[in-house]
Amino acid sequence: MLGDNDHINEQTPLLTQSHGHQGGVRHDKNNKRKITLQTYGFTFGFLVILTVLVYTIRSSLPIPLSDNAAAVIDGFPGIHAYNTYLSQLTEPHPVNSRANIDMKEWLDRIALDFKNEAKLNGIKVDVITNDTITIATKSDWYSENEHWIIPSRNLLVRIHGQSGSNDSILLNAHYDSVPTSYGVTDDGMGVVVMLELLRYYIQHPPQKTIIFLFNNFEEGGLMGSKQFIQHPWFHTVKLFLNLEGAGAGGRALLFRCSSLQAAKKLASNAPLVHATPLGNDMFSLGLLKSDTDYTILEAAGLPGMDIAFYAPRSHYHTPLDHLNYTTPNAVQHMGQMVLATLQAIDKTNGFFDEEQETQLVYYDILGKIMFAYNFNVHGLGNAIALVITPLLALIWTLLSANNQHHNSTSIDYLVKRTMVVIQEFIATLFAFFVTVLFVGISAFGLLKINPLVTYANIIAVGFYMFLAGVLGVLSSQLLLSKMKSLHGPLSLVETNFYGLTLFWWIMLIFSTYAGSKHVAVLYFAMFSFIGNAFGCILYHVITPSGSVLSLALSFLIQMGLPFTMMLDQTFLIMDSMRHSTVDGTPEIAVYGLLALPIILMSMQLQPWINKAGQKGFASLVMLTTLVLTFAICCVLPSFNNTWSPNKLIFAQEYNSTTGVSTVSITGVPGVALELQKVLPTHELDTLRCETFKKYRIQCFYETNLVPIYADQPNEMSMTIKDKQCHDDTCQIHISFTSQNSLLCRIQLDGEKERITKAWAQNMETEKDQPVGSLITYNLQYGQPVEWGVEYKSKKEDTMSTDDKSNMNLTAAIGCFYDEWSQGQIPAFSYLHEHLDDTNTLLLRGQGLSLVYYNRLDLS
1 MLGDNDHINE QTPLLTQSHG HQGGVRHDKN NKRKITLQTY GFTFGFLVIL TVLVYTIRSS
61 LPIPLSDNAA AVIDGFPGIH AYNTYLSQLT EPHPVNSRAN IDMKEWLDRI ALDFKNEAKL
121 NGIKVDVITN DTITIATKSD WYSENEHWII PSRNLLVRIH GQSGSNDSIL LNAHYDSVPT
181 SYGVTDDGMG VVVMLELLRY YIQHPPQKTI IFLFNNFEEG GLMGSKQFIQ HPWFHTVKLF
241 LNLEGAGAGG RALLFRCSSL QAAKKLASNA PLVHATPLGN DMFSLGLLKS DTDYTILEAA
301 GLPGMDIAFY APRSHYHTPL DHLNYTTPNA VQHMGQMVLA TLQAIDKTNG FFDEEQETQL
361 VYYDILGKIM FAYNFNVHGL GNAIALVITP LLALIWTLLS ANNQHHNSTS IDYLVKRTMV
421 VIQEFIATLF AFFVTVLFVG ISAFGLLKIN PLVTYANIIA VGFYMFLAGV LGVLSSQLLL
481 SKMKSLHGPL SLVETNFYGL TLFWWIMLIF STYAGSKHVA VLYFAMFSFI GNAFGCILYH
541 VITPSGSVLS LALSFLIQMG LPFTMMLDQT FLIMDSMRHS TVDGTPEIAV YGLLALPIIL
601 MSMQLQPWIN KAGQKGFASL VMLTTLVLTF AICCVLPSFN NTWSPNKLIF AQEYNSTTGV
661 STVSITGVPG VALELQKVLP THELDTLRCE TFKKYRIQCF YETNLVPIYA DQPNEMSMTI
721 KDKQCHDDTC QIHISFTSQN SLLCRIQLDG EKERITKAWA QNMETEKDQP VGSLITYNLQ
781 YGQPVEWGVE YKSKKEDTMS TDDKSNMNLT AAIGCFYDEW SQGQIPAFSY LHEHLDDTNT
841 LLLRGQGLSL VYYNRLDLS
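Position 241 of the sequence shown, counted from 1, bears residue number 241 in the UniProt record's numbering, the numbering being contiguous throughout.
As structure tokens, then:
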């Protein structure tokens, strides 16, 4: 506890009086108000400028290069990739469409042309246009216990390295789209980057072998990558790079990585980089409702990188994923990141001989600098800071104590100074809890009054939460200043530095513990610790302490470094999470993720709030501003027709024998109101809605708008080819043919537990797995699907009447239809044309419309 004279007379590194804070000027109300206004004006003016700079710098994209410009620097020609390849993606091309076949044939032609060019250059290139792999895999995409029988429509190209080794790098992107999307970003840009890299390496032979996998059927189960892991080439792969898209252009992000060596090559060679370890954490927590081929390839034992576009997610899987919403700059960004990484790996002798470190920390700072290191380095750096900092503070204090003229011993002096630090840390900790409380209450109130406002107005919400955070810090310091024992220390900038530095020292402990569990979410704690510690040091070493120069430099370091890191993280969270709520992510999770950096940024203001004084007046101004901002946020719309349209999931099911056609629309609360605006009366009369997976609403209505192919007389033909029973086992063999669908479903009902095995297209389902349905895929239209089941028979003379009535084993045969751009699915086209432009339709996976044709009694 400080005495009255302790904080006035003693000048030490741990407690130095700021010049200009003593004397009669403190009692001049006008001067106090002037100091307050100047301090807040400078502080918030600096933050506005810094925020604009951070946003501008982090969002910058490279200038796309022409062929000539790229040749000069041995770089990536983004203009050629965009104009020659990406511009061709002008219609949806899901796996169940003629456009998908056309897309594959286009890719085949390009690959074969490259092969011919490579032959002239003396480069060995293998091209597989007719991959013969077929997989049988269990999935629960539409219902439980589904078994998918999927032949490959993958395109594989292999450029043999000049080193002669078969060890290879895999580049992977999928060329199929969901039915509702043009597939420009997901995953057209990944595909065209690979085409451009294939073109590059045909002209610049690599030392290492590179495999280019253009896979199909990623949408709806990651089937293309599952097929590749059964291909003979898979066993030669030592590293993979997966190229994806979940937004509409923007910057490409390294958001998952399991190769430290590859991440280091990216960090040290790409001119513009973007990386975060948060992707791993968000996937593991289930906050991102999607997946990529990275999951399959990593599970198969390969180290790799997942590089993807991620904003705006509102366009993901919708008709807005088209050329109008992307640029050659975005293609250039992904292309140069990947090319720089490949070039660096290709030049490294023995790269594949190194044991790949799969657990790592990686991140960029404003897209200009990237760090990549393992968790051992992460922990060691934290440990050094945790040990060295208190030792240096102890030594400095003892040395400084010997230079002071006072009556107490060095130990007494150290104890007194330690008490000051502890007092200020308690004050900082109190400020933290009050700030958490204020931000939490403010966020909860806005969540209840205007749900989904974060979707279209995340920046306004972030500003509102920051105001709540600042008010929390102000209120905590106002309360603490009423305590006589804390009034002196609180008014001093350096004592606030002590409390914040110790606070971030504690955060380093949490960061170290998280790192021991391979969680990197608190990696930025080191930067905030450094900012506060060095701000404190500068305040003391620049004499006189408390001078304008001392205050200015310590302010720039203490505020600039932590705010730069946390603003960058805040914008990343805004971009990646704001549009995830319509996919089922609870909005409270968005608020929670956003609150962490905002609370920590607010805490950084503590020294300057105390220096400014007039906390009561400042609190009143901040409260007024917060209330006004809250009122504005309460009336802001959740959706708009530009960056944040509402996403409505469409699905239709039609029973051709009963004539009943039902449309389901799934979305956030409010979907019923949108449907009421556009549905005709006879459809609106059948509308019913229910809660779906807790956070969404699913509405159903009946319609007479049925898929045009469904009522064509020769669309579906079916034949029971054979049925035999031996002892207690029966087998039935059935064939059916659809003229306009490649993707069909056989739904098994009744006593399914009697089924011992099932098959389709000469592939059996996984052994010892229950069978609820079969999903089959053909590579060409009009091809028959041969399928059947084996099941245990029952003797009717030993069964009761009730058992006999329940013994039937039946199958409903249906096919999916996904082509809609020419009006083939009228129910979809009607909504697509009549919903206002603040709404857009989508489908995850495959199957806009499912038509059931026949129900067979198998038993």
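Just so it is clear, CB atoms sit at the ideal spot from N, CA and C, and this is done for glycine as well.
Leaving out five residues on either side along the sequence, give the residues of the same chain with a beta carbon under 8 Å from the beta carbon of Leu339.
Gly75, Phe76, Leu197, Tyr200
Are Val273 and Tyr523 closer than 8 Å when you measure CB to CB?
no
Asp722 by DSSP, collapsed to three states: which one?
strand
For Asp857, write down the residues that DSSP places opposite it in a beta bridge.
Thr810
Taking the alpha-carbon positions, what's the Leu648 to Tyr310 distance?
19 Å
In terms of alpha-carbon separation, which member of Arg754, Arg844, Ile825, Glu764 lies closest to Thr810?
Arg754
Label Pro645 either buried or exposed according to how many other C-beta atoms from any shown protein chain fall within 10 Å of its C-beta, with 16 as the threshold for buried.
buried
For the alpha helix (DSSP H) holding Arg98, just list the boundary residues, first then last.
98-120
Leu508 and Asn374 closer than 8 Å at C-beta
no
What is the DSSP secondary structure of Ser738, counted as helix, strand or coil?
In the structure shown, Ser738 sits in a strand (DSSP, three-state: E or B).
Report the residue ranges of all alpha helix (DSSP H) runs contained in full by the segment 578-662; include only those spanning at least 4 residues, in chain order.
587-603, 606-612, 615-635
By Cβ distance below 7 Å, which residues in the same chain neighbour Phe527 in space, the five residues on each side in sequence not counted?
Leu561, Pro562, Met565
Please go through the same chain and pick out, in chain order, the residues whose beta-carbon is closer than 8 Å to the beta-carbon of Arg98, but skip the five residues on each side of it.
Sequence-distant Cβ neighbours of Arg98 in its own chain, meaning closer than 8 Å and more than five residues away, are Tyr781, Glu819.
Backbone CA spacing between Asn762 and Gln207 [nearest angstrom]
41 Å
Using the beta-carbon count (16 or more within 10 Å), is Met194 buried or exposed?
buried
Residue range of the unbroken beta strand (DSSP E) whose run includes Met483
Run containing Met483: none; DSSP gives neither H nor E here.
Smallest Cα separation from Val184: which of Ser60, Tyr316, Ser143?
Per the Cα distances, Tyr316.
Among all the DSSP beta bridges, which residues are the ones paired with Gln698?
Thr666, Glu690
Ile150 classed as buried or exposed, judged by whether at least 16 other C-beta atoms fall within 10 angstroms
buried
Checking 8 Å against the spacing of the C-beta atoms, do Thr276 and Leu841 come in under that value?
no
Using the three-state DSSP reduction, which class does Tyr830 fall into: helix, strand or coil?
It is helical.
Please report the distance separating the alpha-carbon of Gly122 from that of His204.
11 Å
For Val470, count neighbouring C-beta atoms within 10 Å of its own C-beta (all shown protein chains included) and say buried if the count is 16 or more, exposed if not.
A residue is called buried when at least 16 other Cβ atoms come within 10 angstroms of its Cβ; Val470 meets this threshold and is buried.
Does any CB atom of chain D fall closer than 8 Å to the CB of Leu195?
No chain D appears in this structure, which consists of one protein chain only.
May I ask which residues mark the beginning and end of the beta strand (DSSP E) holding Pro784?
784-792
Excluding sequence positions up to five away, which residues of its chain have a Cβ less than 6 Å from the Cβ of Gly24?
With a pLDDT of 48 at Gly24, under the threshold of 50, the modelled position of that residue is not reliable, and no figure is offered here.
Buried/exposed call for Asn31, threshold 16 Cβ in 10 Å
exposed
So, are the CB atoms of Leu86 and Tyr182 less than 8 Å apart?
The answer is no: Cβ separation not under 8 Å.
Using three-state DSSP, classify Gln88 as helix, strand or coil.
helix
Through-space distance from Leu107 to Thr776, alpha-carbon basis
C-alpha separation (whole angstroms): 24 Å.
The alpha helix (DSSP H) that contains Ser168, what's its start and end?
It is not in any alpha helix (DSSP H) - Ser168 instead sits in the beta strand (DSSP E) that spans 168-174.
Three-state secondary structure assigned by DSSP to Gln676:
helix
In its own chain, which residues sit with a C-beta less than 8 Å from the C-beta of Ser717, not counting the 5 before and 5 after it?
Same-chain partners within the cutoff: Phe736, Thr737.
When the Cα atoms are used, what is the spatial distance from Leu253 to Ile459?
21 Å
Taking three-plus beta-carbon pairs below 8 Å as touching, is the segment 540-550 in contact with the segment 281-293?
With a cut-off of 8 Å, the segment 281-293 and the segment 540-550 do not count as touching, because too few Cβ pairs lie within range.
If I measure Cβ to Cβ from Cys536 and keep anything under 8 Å in the same chain, skipping five residues before and after, which residues do I get?
Taken in chain order, the residues that qualify are Glu494, Phe497, Tyr498, Thr501, Ser554, Gln558.
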